[in-house]
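To convert, take the position in the sequence shown, counting from 1, and add 682; that gives the numbering used here.
Glycine included, every Cβ here is placed at the ideal spot set by N, Cα and C.
See below for the structure under consideration.
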Amino acid sequence: MENEFIEKDPDIEDTAVIKEIKEGNFLILAINLVKDYEIGDFIVRAVDDLSLRIKESTFVIIKGPSGAGKTTLLNLIGGLDTPNKGSIYSSGVKISNLQEESLATFRLINTGFIFQNYNLISTLTAEENIIFPMRLAGMRLEEQRERGLNLLKKVGLGDRREHLPFQLSAGEQQRVAIARALANDPPTIIADEPTANLDKKTSLFIRDLFSDMKREGKTIIIATHDDYLIELANRVITFEDGKIVNEQLVNSQAEN
């Protein structure tokens, strides 16, 4: 199904790129990305002329030292930030050219985000946090409730639906965040250090949740050093100083 944003973006007429996306089955295509930040009198280049192609239903790990630019890259791919130069296509849409309102709508439907610090709304219950993106997307109330409860059960928190974030452990909060990321059944899941500071048991449980997403055909992109998560990957990218310095294809399902 053609995405409604394609017709609304006058700069998406690069037919060669669209042809490559369709023929290569690429869900995400980044071309010559540059992202700079001003820190005092200095310009820091977080992403340096980077190009990246990610096929549909691929599990990608991005690893590298602190300050390498991994989080910035995830934010660009997910449409949380915009590049100074370059283009980003996601699900056939040139998201780097979208205005904020259209970009927010695109993110809501197409990308689920999982953050290291959970980013739950403190005044909403576990169930309400999960349902919130569904409400924004205009899902019917009955469907919201049914899907919200099913997702809570999926992450093992069916008995925590009325708990506020402060009443949940760190691992439970992250599981709510994972359920929220799945709320609108997006094709892409982006996670930034999702198991950082969690104990081994919880990390393994979260690994199993990502394994389920992989079986369901989600395209998953995670910045992490967690060996349990790296075991799931089709592709491992090493990132340093804003550049890809190494790539490893892990199994036969990985991309060319």
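Note the first and the last residue of the continuous alpha helix (DSSP H) segment covering residue i.
i	result
Ile777	Looking at the DSSP string, Ile777 is not in any alpha helix (DSSP H), and its letter there is neither H nor E.
Asp923	Where Asp923 is concerned, there is no enclosing alpha helix (DSSP H), given that its DSSP letter is neither H nor E.
Asp909	Asp909 to Ile912
Gly820	That residue, Gly820, is in no alpha helix (DSSP H); it is neither H nor E in DSSP.
Ile759	Lys752 to Gly760
Ser885	Lys882 to Arg897
Gly853	Ala852 to Ala863
If we call anything under 7 Å between Cβ atoms a contact, is residue i one with residue j?
i	j	result
Phe741	Asn879	no
Val729	Leu755	yes
Ala819	Leu790	yes
Ile736	Leu709	yes
Leu711	Tyr771	yes
Ser778	Ser769	yes
Arg971	Asn811	Since the first residue of the chain shown is 683 and the last is 938, residue 971 is not available in this structure.
Ile929	Ala750	Just to set this straight, residue 929 is Glu in the shown sequence, not Ile. No, the Cβ-Cβ distance between Glu929 and Ala750 is not below 7 Å.
Ala873	Ile796	yes
Ile860	Leu886	no
What separation, rounded to the nearest whole angstrom, lies between the Cα atoms of residue i and residue j?
i	j	result
Ile688	Phe814	A caution first: Ile688 carries a pLDDT of 39, below 50, which makes its placement in the model unreliable, though a value can still be read off. So the alpha carbons of these two residues sit roughly 27 Å apart.
Asn832	Arg822	15 Å
Val918	Ile912	7 Å
Ile725	Pro876	29 Å
Thr901	Ile871	6 Å
Thr793	Asn766	22 Å
Thr764	Lys717	8 Å
Arg829	Lys752	32 Å
Leu839	Arg857	8 Å
Thr805	Val927	43 Å
Taking residue i and residue j to be in contact with their CB atoms under 8 Å, please state how far apart those CB atoms are, rounded to whole angstroms.
i	j	result
Tyr910	Arg889	4 Å
Asn847	Gln855	Sequence inspection shows Pro at residue 847; the Asn mentioned does not correspond to that position. With 8 Å as the limit, Pro847 and Gln855 qualify as a contact, their Cβ atoms being about 6 Å apart.
At which residues does the beta strand (DSSP E) containing residue i begin and terminate?
i	result
Glu720	Phe708 to Ile721
Lys745	Phe741 to Lys745
Please find out if some non-hydrogen atom of the ligand PLP comes closer than 6 Å to the beta-carbon of residue i.
i	result
Arg857	With respect to the ligand PLP, the structure shown offers nothing to examine, as it has no ligands at all.
Does the beta carbon of residue i come closer than 7 Å to any beta carbon on chain D?
i	result
Leu755	Looking at the structure shown, chain D is missing, and only one protein chain is on hand.
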